[in-house]
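Colleague:
Protein chains: 2
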Amino acid sequence: MTESNFFCSFGSPSKKSEVMAKKVTIYDIAREAGVGIGTISRVLNDHPSVTPETRKKVIEVAKRLNYQPHTYAQRLARRQSETISAVIPFFTNYFFIEVLRGVQDKISELGYDLVLYGVERPDQVEGYAARALQRGKVDGILFFSMKVPDKVLARLKETNLPIGLVDAVSPEFDSISVANAEGAYAATAHLLELGHQSVGMINAQPVSAPALERLQGYRRALERHGISFSDELVRIGRNTKQDGFNRDAGYEAMMEFVKMGSGMPKAFFVSSDIQAMGAISALSENGFRVPEDVALVGFDDIELARHMRLTTMRQPMFQMGVLAIERLVARMANPDMEILHTTFSPTLIVRESCGALTRNQN
Amino acid sequence: MTESNFFCSFGSPSKKSEVMAKKVTIYDIAREAGVGIGTISRVLNDHPSVTPETRKKVIEVAKRLNYQPHTYAQRLARRQSETISAVIPFFTNYFFIEVLRGVQDKISELGYDLVLYGVERPDQVEGYAARALQRGKVDGILFFSMKVPDKVLARLKETNLPIGLVDAVSPEFDSISVANAEGAYAATAHLLELGHQSVGMINAQPVSAPALERLQGYRRALERHGISFSDELVRIGRNTKQDGFNRDAGYEAMMEFVKMGSGMPKAFFVSSDIQAMGAISALSENGFRVPEDVALVGFDDIELARHMRLTTMRQPMFQMGVLAIERLVARMANPDMEILHTTFSPTLIVRESCGALTRNQN
DNA sequence: GCCGAATGCGGAAGGGTTTCCATCATTTTC
DNA sequence: GAAAATGATGGAAACCCTTCCGCATTCGGC
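In order, the protein sequences belong to chains B and R. Heads up: the first sequence begins at 1 in my numbering, then just goes up one per residue. Heads up: the second sequence begins at 1 in my numbering, then just goes up one per residue.
1. Pick out the complete alpha helix (DSSP H) segments inside the stretch 13–93 of chain R, 4 residues or longer, and give them in chain order.
2. Can you tell me whether B:D174 is helix, strand or coil according to DSSP?
3. Of the residues B:T51, B:N66 and B:I141, which one's Cα is nearest the Cα of B:R331?
4. Grab me the residues of B:P335's own chain with a C-beta within less than 8 Å of its C-beta, minus the 5 sequence neighbours each way, in chain order.
5. Decide if R:Q197 is buried, meaning its Cβ has at least 16 other Cβ atoms within 10 Å, or exposed.
6. Using 9 Å as the threshold, is the C-beta distance between B:V43 and B:A62 below it?
7. Could you check the C-alpha separation between B:I202 and B:A282 for me, to the nearest Å?
8. Expressed to the nearest angstrom, what Euclidean distance is found between the alpha-carbon atoms of B:V152 and R:A276?
9. In chain order, what residues of the same chain lie with their CB nearer than 8 Å to the CB of B:D105, ignoring the 5 residues before and after it?
10. My output table needs one value for B:V297: the three-state DSSP class, helix, strand or coil.
11. Just by C-beta distance, which residues in the stretch 231–260 of chain B are closer than 8 Å to chain R?
12. Against B:V115, what residues of chain R qualify as contacts under a CB-to-CB distance less than 9 Å, listed in chain order?
13. For a cutoff of 9 Å on Cβ pairs, would you count R:Y27 as touching chain B?
14. If I measure Cβ to Cβ from R:F412 and keep anything under 6 Å in the same chain, skipping five residues before and after, which residues do I get?
15. From the beta carbon of R:D105, is the nearest beta carbon of chain B less than 9 Å away?
16. Quick check: B:S81 and R:T71, are their CB atoms within less than 9 Å of each other?
17. Which chain B residues are close to R:A276, counting only those with a beta carbon under 9 Å from its beta carbon?
18. Please report the residue range of the beta strand (DSSP E) in which B:I325 lies.
19. I want to see whether chain B comes within less than 9 Å of R:I97, judged by CB atoms only; does it?
20. Identify whether R:G200 lies in helix, strand or coil by the three-state DSSP scheme.
21. Out of R:L100, R:S228 and R:M264, which one is the CA nearest neighbour of R:D293?
22. By alpha-carbon positions, which one of B:G111, B:S41, B:G118 and B:A130 ends up nearest to R:L100?
23. Confirm the yes/no value for this check: CB of B:F229, any heavy atom of the ligand MN, distance under 8 Å.
24. Do B:I236 and B:A253 have their C-beta atoms closer together than 9 Å?
25. Just the C-alpha distance for B:V207 and B:M146, rounded to the nearest angstrom, thanks.
26. Taking only beta-carbon positions, decide if B:K137 is within less than 9 Å of chain R.
27. By the 10 Å Cβ neighbour count, where 16 or more other Cβ atoms means buried, how is B:D46 classified, buried or exposed?
28. With R:R289 as the anchor, note down where its alpha helix (DSSP H) starts and where it stops.
29. Ignore the nearest five residues each way along the sequence and tell me which others in R:P316's own chain have a CB closer than 7 Å to its CB.
30. Using CA atoms only, rank isn't needed, just tell me which of R:D123, R:D139, R:E120 and R:S108 is closest to B:E126.
31. So with Cβ pairs under 9 Å, would you call B:T312 a contact of chain R?
32. If we cut at 9 Å on Cβ distances, does R:T71 have a partner in chain B?
33. Do you know whose CA, among R:E32, R:L296, R:I227 and R:E256, lies nearest R:R238's CA?
34. Terminal residues of the continuous beta strand (DSSP E) containing B:M313?
35. In the DSSP assignment, the alpha helix (DSSP H) including B:H307 goes from what residue to what residue?
36. Could you work out which residue in B:G261, B:A267 and B:L215 is closest to B:D231 when comparing CA atoms only?
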């Protein structure tokens with residue numbers, strides 16, 4: 001873009017501040033430069049059919065007058081907003097930051113603006129969607145980590161606005177997500193392959209799609225390794241905040257396992273790192289050490305995980321953000337593009353909590 | 001162009017979806033309702049001088065036609081953007097989320113839009129500022145946790161746009177910050193009052209204002225307790241990422257202390273929680289337990305701190321975000337308002353790392 | 001030296017609102 | 001009952017840009 005050209009001019013700053021930011025329009029430039037407004041616009045938008053001399057003169061005048069195009073007049077006339085909005089639940093914390101990072105990276109590379117709608121409570125989604133859907137407001141919307149309410153879904157389909165889903169899936173929109181089942185499979189398999197015969201799972205609320213998928217993967221891993229699945233070995237904490245993906249739920253679930261006494265598994269796949277934190281607290285309160293007495297594998301690879309030496313499944317969050325924008329922009333350019341669903345595979349990050357490292361050292 | 005209105009009959013939702021969201025303008029409503037466009041605008045903006053019947057009719061028609069005002073046409077005509085932009089460094093992680101949460105909360109309460117510019121590298125600031133400064137684009141800008149480059153600063157003063165600083169201070173703009181010195185004082189004093197005669201400090205790079213202020217507070221606490229300050233007892237890690245507020249720097253600094261042998265202090269004030277994480281790793285690698293062998297107090301109260309049982313100074317981040325917006329909006333309403341600087345006092349959160357609590361008390 | 005094509009350019013017409021002013025209708029006041 | 005005040009309304013103008021149409025000029029080819 002060319003705005004930056006006008007941003008930083010050479011003239012004496014003291015002088016300029018006296019001039020006082022009077023709103024300069026293309027008409028002013030046109031008059032001053034002795035040309036028509038059409039020409040001004042053409043110069044500023046790098047339209048080819050302008051002679052080099054005219055162009056030079058116009059640019060000179062524009063700079064001298066310290067011209068700044070009016071964003072909203074441009075957007076109105078161009079019939080596009082150069083804006084993308086993102087509806088993101090704040091409570092996903094680290095996940096959300098990382099994805100947002102990717103989103104922002106790509107968005108600013110493309111010269112778009114990002115309008116952020118941070119969701120604290122599910123009921124806010126509808127209001128935000130309504131705002132984002134205001135006519136002309138944005139060129140596209142990204143929804144993160146949430147089941148879009150049916151009501152909103154219907155409205156989204158009505159408008160022809162490009163929509164993208166991240167960390168969520170719906171047949172009607174492009175989506176970028178993580179292979180939850182596959183990740184859970186890998187995590188569980190890792191524990192099994194370390195020799196554990198009995199692997200428990202701490203899951204989140206089954207209303208959450210990721211929770212369900214992770215359970216699937218866990219189950220499949222057991223089966224492939226010839227171990228029969230048992231309801232007894234899957235526990236869910238009572239705390240339902242964030243669909244059970246919270247620290248206390250992990251604590252509660254592990255406490256239940258501890259109560260099993262000698263029948264308690266010595267290895268666990270925990271459906272999120274944050275739950276694993278709680279689980280570890282519960283363990284240490286009961287005198288179990290990790291990984292010496294109990295092995296754990298989490299899911300997400302949030303920042304804490306590294307500090308806690310937690311073995312976990314990493315989601316390529318930054319990349320997901322980048323791809324989400326790329327996909328959205330592609331759809332803006334070509335609305336009839338076939339709907340695309342991309343799933344990223346999480347990768348196993350081996351740290352200490354699973355016991356694999358200590359084992360190798362011996 | 002407008003014929004579709006005539007085909008658009010009442011009810012029948014199936015029909016509606018076929019009609020396809022044709023852009024409805026106030027002219028369409030005016031024609032349909034048999035009134036002038038001025039009246040439409042008045043109704044939609046709750047202007048008083050419209051009869052109840054007219055109002056009712058207009059609203060009915062607007063609803064029937066599924067009218068949506070065009071955001072940018074409004075903003076152009078109203079001469080205001082109903083948008084605030086925030087320039088935030090992403091790397092502050094948890095701090096940034098929490099503040100952003102407060103910002104978002106207030107902003108959406110006020111019906112504004114938030115345009116986010118996430119900074120990864122300092123050199124991006126200038127570009128973002130230029131974008132935010134585009135004529136008419138935003139009604140105000142908030143800068144977070146950064147020293148605004150002089151070049152940009154000059155530019156900001158030139159435009160009369162309301163500007164706010166959060167977690168940073170400059171005489172020319174409103175600011176919301178944290179009393180770093182005071183917090184450092186409290187943290188250090190806490191350790192001293194627990195009976196420690198020798199308290200070390202792990203600091204960040206002195207180019208950072210917060211680092212400097214925290215050092216001040218540490219120093220003052222020592223003095224007030226009749227203990228002389230010693231350069232030896234302040235260490236800074238070599239890793240300069242994020243001005244030294246990073247995990248590795250904390251690790252490195254603590255390693256230096258460990259090398260002191262028996263002269264090593266048994267209590268430390270660490271200038272950020274994230275550095276404290278590194279410090280703890282260094283300690284545990286060298287056989288020191290926290291808090292039995294060494295007491296620590298951090299600063300920030302990031303999420304990790306709770307999980308690590310780290311005693312620390314909490315910054316009221318959410319509130320800071322809320323206040324930042326309130327202040328900015330106040331300045332928009334009254335640009336001649338006196339410049340206001342608000343500092344929040346951090347509060348001491350006592351957990352286990354300082355040794356003040358026994359393990360069982362939690 | 002002529003003709004058609006190519007090129008540069010001016011400015012009207014849009015884009016969709018808000019706002020202000022004049023107009024007309026209705027009350028109020030004396 | 002006339003004059004004045006009040007209130008609702010229509011619509012032009014303004015907000016500031018992009019785009020398109022058509023005109024004028026230049027250029028290349030023969």
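Glycine residues also receive a C-beta, built at the ideal position from the N, C-alpha and C atoms. Predicted, not measured: the structure shown is a model, and the values here were computed from it.
Modeller: Walking through what the data contain:
1. 13–19, 26–33, 37–44, 52–64 and 71–78
2. Working through the first sequence from its first residue, we reach residue 174 of chain B at position 174. Reduced to three states, the DSSP call for B:D174 is strand.
3. Along the first sequence, one-based indexing puts residue 331 of chain B at 331. Closest by alpha carbon: B:I141.
4. Here residue 335 of chain B is taken as the residue at index 335 of the first sequence, counted from 1. Excluding positions up to five away in sequence, the list reads N160 and P162.
5. In the second sequence, residue 197 of chain R corresponds to position 197, counting from 1. Looking at its Cβ environment, which holds fewer than 16 other Cβ atoms inside 10 Å, R:Q197 is exposed.
6. Position 43 of the first sequence holds residue 43 of chain B. Position 62 of the first sequence holds residue 62 of chain B. Cβ atoms of B:V43 and B:A62: closer than 9 Å.
7. For the purposes of this step, residue 202 of chain B is taken as the residue at position 202 of the first sequence. For the purposes of this step, residue 282 of chain B is taken as the residue at position 282 of the first sequence. Straight-line Cα distance between these residues: approximately 13 Å.
8. The residue you call residue 152 of chain B lines up with position 152 of the first sequence. The residue you call residue 276 of chain R lines up with position 276 of the second sequence. Computed Cα separation, rounded: 45 Å.
9. Taking the first residue of the first sequence as 1, we reach residue 105 of chain B at position 105. Excluding sequence neighbours, B:D105 sits near F318, G321 and V322.
10. Taking the first residue of the first sequence as 1, we reach residue 297 of chain B at position 297. Shown here, B:V297 sits in a strand according to DSSP, grouped into three states.
11. R247
12. Counting from one through the first sequence, the residue named residue 115 of chain B turns up at place 115. Per Cβ cutoff of 9 Å: T83, D113, L114, V115 and L116.
13. Within the second sequence, the letter at position 27 stands for residue 27 of chain R. Judged by the 9 Å Cβ criterion, R:Y27 is not in contact with chain B.
14. Here chain R comprises residues numbered 1 to 362, so residue 412 of chain R is not present and cannot be evaluated.
15. Your numbering for residue 105 of chain R matches position 105 in the second sequence. Yes - at least one Cβ of chain B is within 9 Å of the one on R:D105.
16. Walking along the first sequence from the start, residue 81 of chain B turns up at place 81. Walking along the second sequence from the start, residue 71 of chain R turns up at place 71. With respect to R:T71, B:S81 sits close: the two C-beta atoms are nearer than 9 Å.
17. Locating residue 276 of chain R in the second sequence gives position 276, counting from the first residue. Those within 9 Å of R:A276 in chain B number zero; the least Cβ separation is about 10 Å.
18. Working through the first sequence from its first residue, we reach residue 325 of chain B at position 325. That residue, B:I325, is in no beta strand (DSSP E); its alpha helix (DSSP H) goes M317 to A333.
19. Within the second sequence, numbered from 1, the residue matching residue 97 of chain R stands at position 97. Chain B, which has a Cβ nearer than 9 Å to the Cβ of R:I97, makes this yes.
20. Residue numbering aside, residue 200 of chain R sits at position 200 when the second sequence is read from its first letter. Of the three classes helix, strand and coil, the one that applies to R:G200 here is strand, per DSSP.
21. What you label residue 293 of chain R is simply residue 293 of the second sequence in a count that begins at 1. Selected option, being the one with the closest Cα: R:M264.
22. Within the second sequence, residue 100 of chain R is the residue found at index 100, counting from 1. Measuring C-alpha to C-alpha distances from R:L100 to each of B:G111, B:S41, B:G118 and B:A130 identifies B:G118 as the nearest.
23. You won't find the ligand MN in this model; it holds no ligand whatsoever.
24. Position 236 of the first sequence, counted from the first residue, corresponds to residue 236 of chain B. Position 253 of the first sequence, counted from the first residue, corresponds to residue 253 of chain B. Cβ atoms of B:I236 and B:A253: closer than 9 Å.
25. Translated into positions along the first sequence, residue 207 of chain B becomes position 207. Translated into positions along the first sequence, residue 146 of chain B becomes position 146. Roughly 12 Å separates the two Cα atoms.
26. In the first sequence, the residue the question calls residue 137 of chain B occupies position 137. Yes, because at least one Cβ of chain R sits closer than 9 Å to the Cβ of B:K137.
27. Counting from one through the first sequence, the residue named residue 46 of chain B turns up at place 46. When all chains shown are included, B:D46 counts as exposed.
28. By 1-based counting over the second sequence, the position of residue 289 of chain R is 289. Note, R:R289: premise wrong, no alpha helix (DSSP H); not H, not E.
29. If you number the second sequence from 1, residue 316 of chain R lands on position 316. The answer, listed in chain order, is F344.
30. Locating residue 126 of chain B in the first sequence gives position 126, counting from the first residue. The shortest Cα separation from B:E126 among R:D123, R:D139, R:E120 and R:S108 belongs to R:S108.
31. What you label residue 312 of chain B is simply residue 312 of the first sequence in a count that begins at 1. No - not a single Cβ of chain R is within 9 Å of the one on B:T312.
32. Within the second sequence, the letter at position 71 stands for residue 71 of chain R. Closer than 9 Å: yes.
33. Position 238 of the second sequence, counted from the first residue, corresponds to residue 238 of chain R. The residue with the shortest Cα to Cα distance from R:R238 is R:E256.
34. Counting from one through the first sequence, the residue named residue 313 of chain B turns up at place 313. If you look at B:M313, you'll find it in the beta strand (DSSP E) that goes T312 to R314.
35. Translated into the one-based positions of the first sequence, residue 307 of chain B becomes position 307. DSSP places B:H307 inside the alpha helix (DSSP H), whose first and last residues are E303 to H307.
36. Within the first sequence, residue 231 of chain B is the residue found at index 231, counting from 1. When only C-alpha atoms are compared, the closest one is B:L215.
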